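Worksheet: the structure to be examined is printed underneath.
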């Protein structure tokens, strides 16, 4: 006869009641953008004179100065180069003038934000809170029901 076999079982974890996952009541921040945000940013940057503009002006003025110094150096210290390029005249002067024109155009483009009037973005429908966050003056037109 065989002896009865006793099985020991490990106590199992009692089933727990599932808990509902809580979802945040507010939407995730930082993901929503105004549908016309790209246009708003572009138009605001067009009238903002920043350190980038100052750097551009300084670099281009410096480049004009270096070109002027270089031209004077070549004319006074290296006249043999001028003699060698005499057969290419007037093309070196054209290239030099185009280079100066490029630097002057870059300077003009960099200072344009100083010359442009401040854009109030009146044609873009924004709430008063959005306008204040963007640093814009309050709109003189009353908000429409659809905006």
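In our numbering, the protein residues as written are -13 to 133. For each residue, glycine too, the CB sits at the ideal point set by N, CA and C. Just so you know, these numbers come straight off a predicted model, no measurement behind them.
C-alpha gap between residue i and residue j, whole angstroms
| i | j | result |
| --- | --- | --- |
| residue 54 | residue 103 | 34 Å |
| residue 58 | residue 44 | 21 Å |
| residue 91 | residue 85 | 10 Å |
| residue 35 | residue 51 | 23 Å |
| residue 116 | residue 79 | 54 Å |
| residue 77 | residue 125 | 56 Å |
Residues near residue i in its chain [Cβ-Cβ closer than 8 Å; skip 5 each side]
| i | result |
| --- | --- |
| residue 29 | 105 and 107 |
| residue 60 | 67 and 68 |
| residue 122 | 106, 107 and 112 |
Spatial neighbours of residue i in its chain, beta-carbon cut-off 7 Å, leaving aside the 5 residues before and after
| i | result |
| --- | --- |
| residue 94 | none |
| residue 65 | none |
Where the alpha helix (DSSP H) through residue i begins and ends
| i | result |
| --- | --- |
| residue 136 | Because the chain here runs from -13 to 133, residue 136 falls outside it and cannot be looked at. |
| residue 62 | 37 to 63 |
| residue 114 | 114 to 119 |
| residue 29 | 23 to 31 |
Exposure label - residue i; buried when at least 16 CB within 10 Å
| i | result |
| --- | --- |
| residue 89 | buried |
| residue 96 | buried |
| residue 26 | buried |
| residue 46 | buried |
May I ask you to verify whether the segment 104 to 118 touches the segment 17 to 37, counting CB pairs closer than 8 Å and requiring at least 3? yes
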